[in-house]
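For reference, the structure is listed below as structure tokens.
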Amino acid sequence: MSPGLSFVHFVYVYALLSLQLLGCAGPCQSLPGGHANRLAEVIAVTVMAGELSLMAALVTDELVSSHMKLNRSVKTLIRSSIQMEILQIATGFVSIAFPNWQ
Numbered sequence: 002m003s004p005g006l007s008f009v010h011f012v013y014v015y016a017l018l019s020l021q022l023l024g025c026a027g028p029c030q031s032l033p034g035g036h037a038n039r040l041a042e043v044i045a046v047t048v049m050a051g052e053l054s055l056m057a058a059l060v061t062d063e064l065v066s067s068h069m070k071l072n073r074s075v076k077t078l079i080r081s082s083i084q085m086e087i088l089q090i091a092t093g094f095v096s097i098a099f100p101n102w103q
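Encoded structure:
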């Protein structure tokens, strides 16, 4: 078996085990699409929990203080804005050179 196939197999098994853990693996016998709906609920709740955590960090100023502690300061932001300008210029070039490119 080639290394690519073994990696794909590993990912498949890991995904299947994760879906089984969430109760979303395989077809739902009682309701068509029931496991898909369950997975959508799990994803939605996870995103909502992350948003709630982010709002709490913003309210308590933990987000700003942790960014400053991790050296995500103004210098980093300026560097990021320069990188964004370069990316915008490159994107503009690609859209001009290849108008049908998505």
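Basically the working numbering = 1-based index in the sequence shown + 1.
The beta carbon of each residue, even a glycine, is placed where N, CA and C say it ideally should be.
Can you find the residues in the same chain that come closer than 6 Å, C-beta to C-beta, to residue i, ignoring five residues on each side of it along the sequence?
i: M2; result: Low confidence applies here, because M2 scores a pLDDT of 46, under 50, leaving its location unreliable and the question unanswered by this model.
i: L64; result: A58
Identify the continuous alpha helix (DSSP H) that holds residue i and give its terminal residues.
i: T61; result: Unbroken run through T61: none, as it is neither H nor E.
Could you pull out every residue in the same chain whose Cβ sits closer than 8 Å to the Cβ of residue i, ignoring the five residues on either side in sequence?
i: L23; result: R39, L40, V43
i: F8; result: none
Please list, in chain order, all residues of the same chain as residue i whose beta carbon is under 7 Å from its beta carbon, the five residues on each side excluded.
i: L20; result: A26
i: T47; result: none
Take residue i as the anchor and find which of the options has the nearest alpha-carbon.
i: L17; options: E86, H36, S31; result: H36
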